[in-house]
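Those protein sequences? They're chains X and S, same order as listed. So the first sequence is numbered by the working numbering: it starts at 2 and just counts up by one. So the second sequence is numbered by the working numbering: it starts at 16 and just counts up by one. For glycine and all other residues, C-beta sits at the position ideal for the given N, C-alpha and C.
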Amino acid sequence: MSSLSATIQDVFNEPGCGKNANKSEAERKKGCTKQLQPGGAAGGCAFDGAKIALQPLTDVAHLVHGPIACEGNSWDNRGAKSSGSNIWRTGFTTDINETDVIFGGEKRLYKAVKEIIEKYDPPAVFVYQTCVPAMIGDDINAVCKAASQKFGKPVIPINSPGFVGPKNLGNKLAGEALLEHVIGTEEPDFTTPYDLNIIGEYNLSGELWQVKPLLDELGIRILSCISGDGRYREVAYSHRARAAMMVCSKAMINVARKMEERYGIPFFEGSFYGIEDSSDSLREIARLLIERGAPDELMARTEAVIAREEAKAWAAIEPYKPRFEGKKVLLITGGVKSWSVVAALQEAGLELVGTSVKKSTKEDKERIKELMGQDAHMIDDMTPREMYKMMKDAKADIMLSGGKSQFVALKAGMPWLDINQERSHAYMGYVGMVKLVQEIDKALYNPMWQQLRQPAPWESTAKNWQAKAIAQMDAETAALAADPEAAEKARRARKICHCKTVDLGTIEDAIAAHALTTTDGVKQHTNASGGCGACAARIEDILAALPATATSTFAILQAAE
Amino acid sequence: MAIVTVGKKACAVNPLKMSQPIGGAFAFLGLRGSMPLLHGSQGCTSFGLTLFVRHFKEAVPLQTTAMSEVATVLGGYENVEQAVLNIYNRTKPEIIGICSTGVTETKGDDVEGYIKTIRQKHPQLAKFPMVYVATPDFKDAFQDGWEKTVARMVEVLVETPKVAARRDRSRVNVLPGCHLTPGDLDEIRTIMEDFGLEPSFLPDLAGSLDGHIPDEFVPTTIGGISVDEVAVMGQAAWTIAIGAQMRRAAEAMEKKTGTPFKVFERLCGLLPNDEFMVFLSEISGRPVPLKYRRQRGQLADAMLDAHFHIGGRKLAIGAEPDLLFDLSSMLQEMGAKVTAAVTTTQSPVLEWIKTEEVLIGDLEDLENLAKARGCDLLITHSHGRQAAERLNIPFYRAGFPMFDRLGAGHQLSVGYRGTRDLIFDIANLIIADHEDNRQPTPDTWRIEGAGADGEVLAASLH
Chain X
2 MSSLSATIQD
12 VFNEPGCGKN
22 ANKSEAERKK
32 GCTKQLQPGG
42 AAGGCAFDGA
52 KIALQPLTDV
62 AHLVHGPIAC
72 EGNSWDNRGA
82 KSSGSNIWRT
92 GFTTDINETD
102 VIFGGEKRLY
112 KAVKEIIEKY
122 DPPAVFVYQT
132 CVPAMIGDDI
142 NAVCKAASQK
152 FGKPVIPINS
162 PGFVGPKNLG
172 NKLAGEALLE
182 HVIGTEEPDF
192 TTPYDLNIIG
202 EYNLSGELWQ
212 VKPLLDELGI
222 RILSCISGDG
232 RYREVAYSHR
242 ARAAMMVCSK
252 AMINVARKME
262 ERYGIPFFEG
272 SFYGIEDSSD
282 SLREIARLLI
292 ERGAPDELMA
302 RTEAVIAREE
312 AKAWAAIEPY
322 KPRFEGKKVL
332 LITGGVKSWS
342 VVAALQEAGL
352 ELVGTSVKKS
362 TKEDKERIKE
372 LMGQDAHMID
382 DMTPREMYKM
392 MKDAKADIML
402 SGGKSQFVAL
412 KAGMPWLDIN
422 QERSHAYMGY
432 VGMVKLVQEI
442 DKALYNPMWQ
452 QLRQPAPWES
462 TAKNWQAKAI
472 AQMDAETAAL
482 AADPEAAEKA
492 RRARKICHCK
502 TVDLGTIEDA
512 IAAHALTTTD
522 GVKQHTNASG
532 GCGACAARIE
542 DILAALPATA
552 TSTFAILQAA
562 E
Chain S
16 MAIVTVGKKA
26 CAVNPLKMSQ
36 PIGGAFAFLG
46 LRGSMPLLHG
56 SQGCTSFGLT
66 LFVRHFKEAV
76 PLQTTAMSEV
86 ATVLGGYENV
96 EQAVLNIYNR
106 TKPEIIGICS
116 TGVTETKGDD
126 VEGYIKTIRQ
136 KHPQLAKFPM
146 VYVATPDFKD
156 AFQDGWEKTV
166 ARMVEVLVET
176 PKVAARRDRS
186 RVNVLPGCHL
196 TPGDLDEIRT
206 IMEDFGLEPS
216 FLPDLAGSLD
226 GHIPDEFVPT
236 TIGGISVDEV
246 AVMGQAAWTI
256 AIGAQMRRAA
266 EAMEKKTGTP
276 FKVFERLCGL
286 LPNDEFMVFL
296 SEISGRPVPL
306 KYRRQRGQLA
316 DAMLDAHFHI
326 GGRKLAIGAE
336 PDLLFDLSSM
346 LQEMGAKVTA
356 AVTTTQSPVL
366 EWIKTEEVLI
376 GDLEDLENLA
386 KARGCDLLIT
396 HSHGRQAAER
406 LNIPFYRAGF
416 PMFDRLGAGH
426 QLSVGYRGTR
436 DLIFDIANLI
446 IADHEDNRQP
456 TPDTWRIEGA
466 GADGEVLAAS
476 LH
């Protein structure tokens with residue numbers, strides 16, 4: 002059994018991760034976790050990530066070993082849906098107290114497992130480690146092993162205490178736990194050439210069920226979904242699948258890749274967001290299954306379903322075209338994982354602003370995705386005043402984003418739609434895309450906005466905060482225009498890397514001082530793009546935009562040396 | 016007189032309790048320009064943040080020292096220092112409120128010491144308001160975190176008035192418990208202002224989390240009581256503490272400033288509000304305004320109309336001590352029977368609840384008790400929704416968190432008017448449940464097995 006630190010190291014070495022493969026040995030050792038900034042960090046911990054990844058397994062009792070905060074503050078707060086058992090929504094925690102902290106919590110943990118099995122009799126218990134018991138040295142692996150033997154039931158340790166890193170690391174550690182303790186431990190009653198695993202899909206708002214009917218129609222069986230609407234046994238025998246789809250996010254890439262390595266199950270990265278991506282994913286599933294022995298006719302049937310569904314979806318979107326004419330969408334998110342959502346929105350007649358989106362090559366799409374990811378990051382850092390100005394400048398009619406920009410957008414009288422994790426609507430597959438279009442229409446045309454944008458009768462429009470904010474910022478711009486020195490200062494103060502808080506000036510100075518020509522060089526000298534890495538594209542732009550003379554002078558100097 | 020028992024399970028199932036540090040952070044949210052900071056790993060903050068955001072549907076400022084495994088073992092001085100500097104430079108707050116968590120308490124970080132060192136090292140922070148409270152997760156509950164934090168705010172932020180300074184007769188401090196909503200605070204403020212009094216609330220969530228649209232957006236709290244206003248609270252004529260949890264802060268206020276205090280354990284119900292009105296009348300020297308005489312009549316009439324529905328109900332209630340005491344007492348006074356009562360932490364008010372036993376436990380306990388004792392009304396926070404579904408009884412959401420319904424910040428329970436509306440809400444739930452689920456059928460009153468017995472009886476007659 003490997004130690005936690007060895008597992009973390011292993012996860013960082015993940016060759017399936019494109020970002021990782023481009024890193025140097027030393028960088029890989031440091032890991033893909035973004036260095037967290039005290040007083041400036043947001044987002045969940047590794048425990049949170051592990052729980053998010055596994056909690057959708059519906060018939061498992063998820064027991065959190067730790068003080069009340071870890072489970073008490075967070076249980077039953079996810080929108081995943083179950084078609085069967087609801088035990089996953091039950092909050093189980095050892096709620097350790099001061100005495101446990103002093104004398105150790107292992108006994109309490111063992112008793113807790115016993116109580117759960119006696120009262121609820123689930124097919125398996127997952128035990129989540131958290132910071133405090135990790136610090137005092139509670140060995141959950143040993144407790145789980147003992148409990149497993151005693152009660153004759155799988156009791157699985159999930160070693161991902163919060164302080165080892167952020168949420169995405171926790172996702173991967175959860176995957177490791179499945180690989181080590183669950184996958185391959187049971188056998189399915191029967192297998193078919195149409196058995197598919199879906200990895201990294203959580204069935205939020207039940208959106209897996211927007212796609213499942215199509216798979217059912219094609220005779221494709223979801224042998225195991227890790228973990229949306231999944232059951233313990235399905236994960237345990239998932240190694241018998243013929244092919245796997247890894248839902249577009251790197252969260253569980255280690256599971257997909259290692260299952261390919263160990264059990265020869267080929268996988269592809271795909272997404273069911275948007276019309277094109279849905280079609281591509283269905284095709285890819287059919288292709289992989291045929292490769293592994295399913296009859297060739299599956300492809301023809303798949304194409305027929307795709308053609309029918311695409312036609313239906315476009316027909317459903319058609320009536321919105323005239324309503325969307327001239328309407329502008331400010332799309333700011335890292336949450337929409339798919340280019341084809343953008344394409345579908347454009348197809349529906351919406352104009353996208355805020356990102357330079359145009360139909361182009363695959364590489365361009367990748368780049369746009371990255372840009373959108375970065376902008377999502379940026380908006381978290383924006384003051385509401387700036388955000389309002391951005392919406393005004395873009396002349397946007399609606400904003401699609403996720404997270405905390407919601408309250409700013411709404412309070413600024415801007416229609417807003419949640420397209421991130423917390424959303425309550427399901428947007429997957431063909432029907433999901435139509436739903437998204439309908440929701441945009443509903444938000445855009447709500448008559449409420451007109452009333453809310455009017456000032457109270459005793460207030461003049463000139464005095465509301467929106468007007469004040471614009472006036473203030475206009476004044477600042479004017480002041481800058483009049484003062485070149487201050488303008489230059491402001492230009493240089495523009496933040497490029499949000500993770501590491503590096504401004505444009507610092508980067509330009511570093512480039513000039515060290516004759517840098519690559520983003521890697523910039524990273525070495527300024528730490529910019531050393532976090533999530535999404536700003537690398539901006540740094541490339543800076544490098545490209547620098548006066549040729551500056552670089553060539555250096556080149557000559559270097560050549561001279 | 017209730018007996019308070021503590022559950023003996025090793026595994027808490029469906030927790031009722033929220034953790035102490037976020038109770039502390041919640042109190043800091045009632046200060047203006049405030050940034051609460053949890054000293055722990057980033058999950059400690061993000062879970063709490065999600066709870067607040069989903070409860071209030073507002074952006075909520077809450078930061079973390081983002082302790083890593085290594086920092087936790089070596090001690091968190093650098094993380095606290097960096098966090099304070101980052102927050103100070105980026106968000107320009109008026110105060111930073113720091114709460115510890117289980118992680119840093121297990122290590123035993125001396126945060127008071129850290130703050131001293133930070134003040135020495137960074138002269139710009141020498142006088143900057145910072146309040147630290149020790150709130151380990153593995154002890155106590157949400158309400159305790161609030162209680163300790165408000166007491167600490169009084170100790171650190173309130174100035175001792177100069178000797179023989181005159182007290183301002185019209186100024187009154189109000190120390191509200193965490194069971195009151197921003198809507199409750201505004202109701203109390205209105206009532207007191209109608210007596211010509213000028214109340215200062217510490218903390219004042221009504222200023223920060225009432226959902227208003229601020230004139231200027233700031234990354235810290237958008238309202239609440241300012242540090243300067245807290246400093247001069249010692250000149251007020253009186254301190255009113257609402258909820259037994261606030262006695263500690265009221266005593267700290269009296270000790271530091273000599274301001275006398277009165278604790279109102281409850282402000283929901285007829286008699287508690289009578290007492291409140293009389294007290295306000297006494298300290299203001301004004302008669303009770305006509306408006307409240309009318310509202311008292313309306314409440315009395317609401318009680319008359321609703322007692323048909325609430326009377327005899329067997330109540331299952333899970334809440335933190337002060338909320339439990341307040342709501343269960345009001346309903347008991349309306350004829351309901353407090354049949355199952357579960358709470359999170361110890362408190363003197365628990366013994367006063369008119370029931371046999373109050374259990375410090377979880378929602379599984381409450382559900383089991385409710386089922387065994389045939390309860391037909393459930394009151395707890397939103398996490399009671401699964402139990403309510405299984406029990407199939409009317410469910411009134413009260414307390415924190417309330418994430419699956421809107422308007423949590425404006426739900427009223429105080430004052431004549433607040434009590435009146437609360438009674439209507441609960442009675443209407445009961446009426447709706449009756450209409451939807453309890454309609455009589457020809458078999459409702461048939462004794463089970465009577466048909467068979469009747470046949471047996473007939474057979475024996477032959």
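Using DSSP with H/G/I as helix, E/B as strand and the rest coil, what is residue i?
{"i": "residue 185/S", "result": "strand"}
{"i": "residue 206/X", "result": "coil"}
{"i": "residue 127/X", "result": "strand"}
{"i": "residue 440/X", "result": "helix"}
{"i": "residue 297/X", "result": "coil"}
{"i": "residue 197/S", "result": "helix"}
{"i": "residue 5/X", "result": "helix"}
{"i": "residue 62/S", "result": "helix"}
{"i": "residue 459/X", "result": "coil"}
Measure the C-alpha to C-alpha separation of residue i and residue j and round it to an integer number of angstroms.
{"i": "residue 139/X", "j": "residue 149/X", "result": "17 Å"}
{"i": "residue 321/S", "j": "residue 442/S", "result": "6 Å"}
{"i": "residue 194/X", "j": "residue 293/X", "result": "8 Å"}
{"i": "residue 41/S", "j": "residue 283/X", "result": "48 Å"}
{"i": "residue 185/X", "j": "residue 267/X", "result": "16 Å"}
{"i": "residue 369/S", "j": "residue 283/S", "result": "16 Å"}
{"i": "residue 218/S", "j": "residue 240/S", "result": "7 Å"}
{"i": "residue 363/S", "j": "residue 111/S", "result": "31 Å"}
{"i": "residue 49/S", "j": "residue 216/S", "result": "15 Å"}
{"i": "residue 164/S", "j": "residue 39/S", "result": "5 Å"}
{"i": "residue 355/S", "j": "residue 117/X", "result": "23 Å"}
{"i": "residue 407/S", "j": "residue 344/S", "result": "24 Å"}
{"i": "residue 358/S", "j": "residue 396/S", "result": "12 Å"}
{"i": "residue 560/X", "j": "residue 497/X", "result": "Its pLDDT being 44, under 50, residue 560/X is placed unreliably by the model, and the measurement read from it follows with that caveat. Cα-Cα distance, rounded: 31 Å."}
Is residue i buried or exposed, if buried means 16 or more other CB atoms sit within 10 Å of its CB?
{"i": "residue 328/S", "result": "buried"}
{"i": "residue 461/X", "result": "exposed"}
{"i": "residue 88/X", "result": "buried"}
{"i": "residue 132/S", "result": "exposed"}
{"i": "residue 89/S", "result": "exposed"}
{"i": "residue 234/X", "result": "buried"}
{"i": "residue 396/X", "result": "exposed"}
With a threshold of 7 Å (Cβ to nearest heavy atom), would residue i be considered close to the ligand GTP?
{"i": "residue 106/S", "result": "Looking for the ligand GTP in the displayed structure turns up nothing, as the structure carries no ligands at all."}
Give me the chain X residues within the contact set of residue i, using Cβ-Cβ distance strictly less than 7 Å, ordered along the chain.
{"i": "residue 248/S", "result": "Ordered by position in chain X, no residue passes the 7 Å Cβ test against residue 248/S, which lies about 29 Å from the chain."}
{"i": "residue 407/S", "result": "Within chain X, no residue comes near residue 407/S; the closest Cβ sits about 15 Å away, beyond 7 Å."}
{"i": "residue 139/S", "result": "By Cβ distance, chain X contributes nothing, its closest Cβ being about 15 Å from residue 139/S, past 7 Å."}
{"i": "residue 82/S", "result": "164"}
One question on the structure: do residue i and residue j come within less than 8 Å of each other, judged by their Cβ atoms?
{"i": "residue 276/S", "j": "residue 254/S", "result": "yes"}
{"i": "residue 252/S", "j": "residue 301/S", "result": "no"}
{"i": "residue 332/X", "j": "residue 299/X", "result": "no"}
{"i": "residue 83/S", "j": "residue 13/X", "result": "no"}
Show which residues of chain X have a CB atom less than 8 Å away from the CB atom of residue i.
{"i": "residue 15/S", "result": "This structure does not reach residue 15/S, given that chain S is present from 16 up to 477, and the question cannot be answered."}
Give me the chain S residues within the contact set of residue i, using Cβ-Cβ distance strictly less than 7 Å, ordered along the chain.
{"i": "residue 122/X", "result": "Result: empty, since nearest Cβ-Cβ is about 14 Å, beyond 7 Å."}
{"i": "residue 474/X", "result": "Correct list: empty, because the minimum Cβ distance to chain S is about 12 Å."}
Could you name the residues of chain S that residue i contacts, counting a contact when the two beta carbons are closer than 8 Å?
{"i": "residue 49/X", "result": "58, 61, 62"}
{"i": "residue 112/X", "result": "25, 26"}
Name, please, each residue of chain S whose Cβ falls closer than 9 Å to the Cβ of residue i.
{"i": "residue 91/X", "result": "28, 29, 379, 401"}
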